[in-house]
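Taking our numbering, the leading residue of the sequence shown gets 131, the next gets one more, and so forth.
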Amino acid sequence: MKIPITQSIEWQKLQDDLGEKSFFEKSENYQFLAIKKSTPVGNYLYLPYGPVAEDEDGFKAAMTALKELAKKEKCIFIRIEPQLESAKACLEKREKPVKDIEPADTWVLDLTPDEATLISGFSQGTRTRFNTYAKKGLTVEATKDKEEIGHLVALQNKLYQKKHLTAFSENYLKTELAQDFASLYLVKYHTPAEAPENQSQSPVPKDGQVIAASLFFDFKDTRYYMQSAADIEYKKLPATVALLTKAIFDAKEKGIKYFDFWGIAPEGADSSHPWYGFTEFKKSFGGAEVHYAGTYDVVINKAKYHLYNSTKKLKKILHK
């Protein structure tokens with residue numbers, strides 16, 4: 131069975147470092163990492179992309195163990211995100227699908243072909259940007275220096291304020307980078323010897339300025355594309371293409387077999403979907419769509435679960 135990073139003992143260490151309480155269990159045909167979350171009404175267990183099971187029998191065994199754990203920890207419900215699509219058949223009718231926490235669809239690039247074949251799989255636009263980013267003054271470097279995380283924080287804050295989203299805290303991102311599986315990639319601008327055509331028509335970064343940054347996580351045979359941001363002021367520079375192609379070919383050189391772009395819009399989504407743009411961008415590197423079972427709540431205490439949902443709805447109304 132393929133284990134996602136979010137259901138590993140390594141992910142539990144990250145949770146420990148973040149101050150979260152979690153429970154890890156492993157058997158011959160299932161594995162899970164359950165994180166205990168609190169609400170004003172009570173606690174619940176959350177399994178990002180879990181539980182992991184070899185087959186339907188393994189999934190049923192995992193659910194039995196999880197229900198016992200939830201009762202022991204006095205949890206209201208268990209929020210699961212099994213990657214095994216056949217897990218849907220094992221869910222009882224009262225276990226309703228809820229809004230996804232982690233994306234139910236992702237995009238994965240197979241890194242086993244040679245480099246030339248991978249490049250040929252890029253869209254024409256992405257291939258052109260890949261071939262020209264160095265000429266435009268962009269370089270990409272990887273680091274484990276936690277102090278460099280400030281670049282990602284600043285870029286996320288600038289981007290997220292424009293989109294009215296909440297960025298990750300500096301402490302959270304530093305804690306992620308401190309893990310053995312994490313690396314931070316930075317795209318820097320250096321004034322080229324010869325200014326590219328039409329450069330004067332666009333804003334130009336300062337020499338040495340970081341204009342894009344991203345965390346990547348390596349686990350077993352997969353590299354995951356995680357928290358990321360680019361300076362929208364310099365959107366005409368191919369910073370994100372430079373960032374991703376460097377990360378892709380570095381992963382290949384390390385012997386990693388797959389590059390997981392971590393989340394795309396659902397199949398058939400049109401241009402009105404908020405993820406449409408970056409989904410098309412991720413697909414421009416080649417690869418294939420992967421579907422998971424989605425997110426479900428397994429109810430342990432019906433009365434408190436009803437109160438939990440009612441409280442959420444009321445909070446949403448008051449917020450509006």
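Positions of the beta carbon are idealized from the N, C-alpha and C atoms, including for glycine. Here the structure is a predicted model, which means the values were calculated and not measured.
The residues L175, I208, I430, in chain order, have a CB closer than 6 Å to that of A200 in the same chain once the five nearest residues on each side in sequence are set aside. Looking at the DSSP output, N173 bridges to S168, C205.
Non-local C-beta neighbours of G267 in its own chain, meaning closer than 7 Å and more than five positions away in sequence, comprise Y319, H320, T321, P322, ordered along the chain.
Residues V270, Y315, V317, A342, S344 of the same chain have their beta carbon placed closer than 7 Å to that of L373, with the five preceding and five following residues left out of the count.
Here DSSP, grouped into helix, strand and coil, assigns I139 to helix. Within its own chain, the residues whose Cβ lies closer than 8 Å to the Cβ of E225, once the five positions on either side in sequence are excluded, are Y426, D427, V428, V429, listed in chain order. When secondary structure is reduced to three states using DSSP, D310 falls in the coil class, being assigned neither helix nor strand. Closest by C-alpha distance to A377, out of E306, E245, P404, is E245.
Cβ neighbours of E215 within its own chain (closer than 6 Å, five residues either side excluded): A423. Listed in chain order, the non-local C-beta contacts of D348 below 6 Å within the same chain comprise F311, local neighbours out to five positions each way being set aside. DSSP places V334 outside both helix and strand once states are collapsed to three, so it counts as coil. Setting aside the 5 residues that flank it on each side, T236 is surrounded in the same chain by D390, F391, W392, G393, I394, E419, V420, Y422, each with a C-beta closer than 8 Å to its C-beta; the list follows chain order. Collapsing the DSSP output to three states places T409 in a helix. When C-alpha distances from P368 are compared across G180, V340, Q145, the shortest belongs to V340. Proximity of the region 300-307 to the region 278-288 meets the contact definition, three or more beta-carbon pairs being nearer than 8 Å.
For E397, there is no enclosing alpha helix (DSSP H), as DSSP marks it with neither H nor E. Residue range 340-349 is occupied by the beta strand (DSSP E) that includes F349. Residue state for A272 is assigned as strand, using DSSP reduced to three classes.
If you look at L248, you'll find it in the alpha helix (DSSP H) that goes 245-250. DSSP, reduced to helix, strand and coil, places S440 within a helical segment of the structure shown. It is roughly 15 Å from the alpha-carbon of Q137 to the alpha-carbon of D351. One Cα belongs to T194, the other to Q213, and the distance between them is close to 18 Å. Contact between the region 180-193 and the region 395-411 is absent: fewer than three C-beta pairs spanning the two stretches fall below 8 Å. Comparing C-alpha distances from A297 to each of S358, Q254, G149, C205 shows the shortest one belongs to S358.
The residue among K166, L221, C220 with its C-alpha nearest the C-alpha of K204 is K166. A residue is called buried when at least 16 other Cβ atoms come within 10 angstroms of its Cβ; T370 meets this threshold and is buried.
With contacts defined by Cβ atoms closer than 8 Å, L177 and I210 form a contacting pair.
Separation of the CB atoms of G251 and I206 is rounded to 46 Å, and the pair is thereby denied contact status at 8 Å. Setting aside the 5 residues that flank it on each side, Q145 is surrounded in the same chain by S152, I165, each with a C-beta closer than 7 Å to its C-beta; the list follows chain order. Taken through DSSP and simplified to helix, strand or coil, D390 comes out as strand. Beta-bridge analysis with DSSP links R353 to D348, F389. Bounds of the beta strand (DSSP E) holding T425 are 425-429.
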